[in-house]
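One structure is given here, and the rest of the page talks about it.
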């Protein structure tokens, strides 16, 4: 017999690139499972983050930022991911950076599904000096879409996250939990490790390196003493390699060191990490290769 007090549902986190979707999801589940970077368009996969609080199980789906400025096979595939996700969830969070509405935000509005609970989330509210300006900012947005609720938050400062969870909870369907209470994601630890490495790349050389690079875990040997990992960074051109390496290999050393520390913290074991760079021309514009690498 189903426990009517239990609620379980999927929540899509959508918005234009770089508004703080991944940071928000990481903060809500209190774990780093989705890549966070200053560089726009770094999330490329649907990532399920799971939070179980008492009788409620929230299953967050972090999506790529809907790309309207650039074409290409990878961007087209990522846009399809967003549209598919919106049709498959119970609640939609439309994340907008507080005080910074632009055409990219407006182009999300026609994609928001009709008939599904949709919450407007104003992110990075701690960076807004004049809080009174948010009233006019929000009122203008509400003229264009009928949201079910509006919640200003700061993922970095932990502001209003519980209020957001309460708004989501009210709109989730009753149902048995789909994941164990301890689960935080449906993604493999290898996938999370590759995302951690990719985050370090974008944080360190994101302004110099085009985002057409990805990380593949080629070896994962685990024992009681630790984990040995061989990771491969795929780039599209030979001239991307020296950017990654840096002077005397210093960039790569820092990427490897910071990645090893984060992965070790995540799995609570010593990590022995080696990272290689390989050139695979045109990989981001070949749909078959993208599928093999786990896209869509």
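Numbering (our numbering), first residue to last: 2 to 297.
All residues carry an ideal CB built from backbone N, CA and C; glycine is no exception.
Here the structure is a predicted model, which is why all the values come from computation and not from measurement.
Under 8 Å between C-beta atoms of residue i and residue j
i           : j           : result
residue 276 : residue 228 : no
residue 97  : residue 140 : no
residue 55  : residue 26  : no
residue 50  : residue 173 : no
residue 17  : residue 105 : yes
residue 142 : residue 121 : yes
residue 87  : residue 118 : no
residue 15  : residue 94  : yes
residue 126 : residue 99  : yes
residue 197 : residue 264 : yes
residue 12  : residue 61  : yes
As assigned by DSSP and simplified to three states, the class of residue i
i           : result
residue 257 : helix
residue 54  : strand
residue 20  : coil
residue 174 : coil
residue 146 : coil
residue 264 : helix
residue 138 : helix
residue 269 : coil
residue 87  : helix
residue 169 : helix
Counterpart residues of residue i in DSSP-defined beta bridges
i           : result
residue 10  : 59
residue 279 : 235
residue 153 : 123
residue 94  : 14 and 120
Integer-rounded CB distance, given that residue j should sit under 8 Å from residue i
i           : j           : result
residue 161 : residue 152 : 6 Å
residue 201 : residue 221 : That pair is no contact at about 18 Å.
residue 236 : residue 280 : 6 Å
Length at least 4, wholly inside the stretch 184-241: the alpha helix (DSSP H) runs in chain order: You should have 190-206.
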